[in-house]
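Below is one structure; the comments refer to it alone.
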Amino acid sequence: MVRWRRYACSPGVTLVSVCDGFGYTPVVVRWERFDPDEYEITYNDEKLAAHAISRYDVMEVLANGIYVTRNKRATDRYRVRGRTDAGRPLELIVVVEGTYQLRFITGWDL
Amino acid sequence: MRKRKLTDDEIEAEILADIGDPSAWEQAIYVPPSKSPRPAWVTLGRHLELSARFHVLSVLHRFGAEATLTNAQPGNVDITVVQAPGRAITIDVKTLAGTSMWLVQPFIARKHHYVAFVLYSRKDLDNPVATPAVAVFPSVRLKELIRPKMGKVNIHAMARQLGVDDYWQQLVAHAA
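Keeping their order, the protein sequence lines are chains A and B.
All residue numbers for the first sequence refer to our numbering, where the first residue is 1 and numbers rise by one.
All residue numbers for the second sequence refer to our numbering, where the first residue is 1001 and numbers rise by one.
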């Protein structure tokens, strides 16, 4: 049975409607207010390492100002573009796994 | 019915299928630099990386090698050791903190190029005078042991497999 409910709004996350019947929970990040410090961030270290990207690189990119593009088909997936402290331009793929939960699954040099 | 959670591989495949299609993506938004201080583990990690490079450089100089740190040098080169005009060996320094397992990253394998692993034990992370362990491998021989999608490798096991005993002597002998 398809049932709709409203998620309570919390700082940094928009109010969304969730359809239980399909099991898909599109939690949307308010990127304009994004602060990496407020998020629980996980990493696919192996996939990132395959492109010589470390967790440090990811955190530096996030801290240095980023351009974020959302996928239209799966709205919990984003491309994040930015630079490390050393100026290395990277594109990172991030999935929103829940409220204040991000997972960086891969990335590459631009 | 609840939809199965996709694996990272499956998500990556779907992303890669969309990557060349501008209509699959919304307009980019700009997120300004963060005002929060960086987590301690990030700053500690970066300091350790630099410390590791200086440690290798320091030992090479103790052996009398003409070694130089090469910041911002592309191609996984952190240190060069000049042997003669036009001849140099290069070293890629990898830092491991609290572990001897290396998450395999792409690295260049060529003649006269070495990969040095600097291992900081967990108990010595806060001890600036503790000397880290170092393992140095010829990049070509290391590449022969690394298989695609290997994940993590144990540096000590790798040293046993490669039969490298005296890490510094092989470097200094090569540099002479």
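Each residue gets a CB set at the ideal place from its N, CA and C atoms; glycine is no exception.
With respect to chain A, the C-beta atom of A1024 (chain B) has a partner C-beta closer than 8 Å. V1093 (chain B) has a beta carbon lying at 8 Å or more from every beta carbon in chain A.
In this structure, B:A1157 is the residue among B:K1152, B:A1157, B:N1127, B:A1040 with its C-alpha nearest to the C-alpha of F1137 (chain B).
With a minimum length of 4 residues, there is no unbroken run of alpha helix (DSSP H) contained wholly in the region 66 to 93 of chain A. At least 8 Å separates the CB of L102 (chain A) from every CB of chain B.
Scanning chain B for C-beta atoms nearer than 8 Å to the C-beta of R70 (chain A) yields W1025, E1026, reported in chain order.
Close partners of G65 (chain A) in chain B (Cβ separation under 9 Å): Y1030, V1031, P1032, P1033, S1034. Under the DSSP definition of a beta bridge, T106 (chain A) partners with A:I93. Against chain A, the beta carbon of L1103 (chain B) has neighbours under 8 Å at D45, E46, A49, listed in chain order.
The Cβ atoms of Q101 (chain A) and E40 (chain A) sit closer than 8 Å to each other.
Cα atoms of L1162 (chain B) and R1141 (chain B): separation of roughly 7 Å, rounded to the nearest angstrom. According to DSSP, residue pairing for I1079 (chain B) in a beta bridge involves B:L1069, B:I1091. Residue burial annotation: Y56 (chain A) is buried, with at least 16 other C-beta atoms found within 10 angstroms of its C-beta.
Separation of the CB atoms of L1103 (chain B) and A49 (chain A) is rounded to 5 Å, and the pair is thereby assigned contact status at 8 Å. Cβ atoms of A63 (chain A) and P1033 (chain B) come within 8 Å of each other, at about 6 Å.
Taking the Cβ atoms as the reference, D1008 (chain B) lies roughly 5 Å from N44 (chain A), within the contact range of under 8 Å. The bridge partners DSSP lists for W1025 (chain B) are A:N71. Considered as a whole, the region 1002 to 1066 of chain B harbours 1029 to 1031 as its complete beta strand (DSSP E) runs of no fewer than 3 residues, in chain order. Annotation for V1129 (chain B): no beta strand (DSSP E) segment contains it, and DSSP assigns it neither H nor E. Chain-ordered, the chain B residues with CB closer than 8 Å to the CB of D35 (chain A) read S1034, K1035, S1036. Beta-bridge partners of L1103 (chain B) (DSSP): B:K1152. Contact annotation: A52 (chain A) and Q1169 (chain B) have beta-carbon atoms that are not nearer than 8 Å. Here R1147 (chain B) is exposed, its C-beta having fewer than 16 other C-beta atoms within 10 Å.
Taking C-alpha positions only, V1115 (chain B) is separated from V1077 (chain B) by approximately 9 Å. In terms of CA proximity to R77 (chain A), B:E1014 leads the group B:T1095, B:E1014, B:A1173. Not flagged as an interface residue toward chain B: E40 (chain A), since no C-beta distance is shorter than 8 Å. Here DSSP, grouped into helix, strand and coil, assigns Y39 (chain A) to coil.
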